[in-house]
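In the UniProt record's numbering, the protein residues as written are 1 to 135.
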């Protein structure tokens, strides 16, 4: 496994957990591709910044139990983790937010270019999340 790519993804998630959006965004290429779970594809750092702004308004999350893997050439990586979250503000088309807490297994796939994240694809079970915040 490529340790440089693993370190990049570790830094990416450490910045996320710290709420350090400047560092988080600086780990992305300018033309980063973001495949949103069960949603559309967005391209560019500005689109990702806007997405994260909405996420940070609606959710408070910490990622734990992180396992990161990378290909030998360092061009691809993957991470498996658990999202510990709190639903703060209602997200359009989703159940009403009332501060519900949730625990959600998730994963992500990455393409890496020039030691930056060039693509991120996130996966989690949306129906599981909906059931947790609707209970």
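From the three backbone atoms N, C-alpha and C, an ideal C-beta is built for every residue, glycine too.
Taking a C-beta distance under 8 Å as the contact criterion, residue 74 and residue 104 do not qualify as a contact pair. Secondary structure at residue 23: helix, using DSSP grouped into helix, strand and coil.
For residue 76, the beta-bridge partners assigned by DSSP are 111. The beta-carbon distance between residue 36 and residue 110, rounded to whole angstroms, is 15 Å. This is too long to meet the 8 Å contact definition. DSSP, reduced to helix, strand and coil, places residue 10 within a helical segment of the structure shown. With 16 or more other Cβ atoms inside 10 Å of its own Cβ, residue 28 counts as buried. Residue nearest to residue 1 within the set 32, 72, 14 is 72 (criterion: CA-CA distance). Exclusion of the five residues before and after residue 132 leaves 102 as the residues of its chain whose Cβ lies within less than 6 Å of its Cβ.
A direct Cα-to-Cα measurement between residue 113 and residue 70 gives close to 13 Å. Close CB contacts of residue 17 within its chain, under the 7 Å cut and outside five residues either way in sequence, are with 62, 63 (chain order). With contacts defined as CB atoms closer than 8 Å, residue 48 and residue 32 qualify as a contacting pair. Within the same chain, Cβ atoms closer than 6 Å to the Cβ of residue 100 are found at 87, 133, the five residues on either side in sequence being excluded. Excluding its 5 nearest sequence neighbours in each direction, residue 24 has C-beta neighbours in its own chain below 7 Å: 12, 15, 16, listed in chain order.
Spatial neighbours of residue 4 in its own chain (CB-CB distance under 7 Å, excluding positions within 5 residues in sequence) are listed in chain order as 74, 115.
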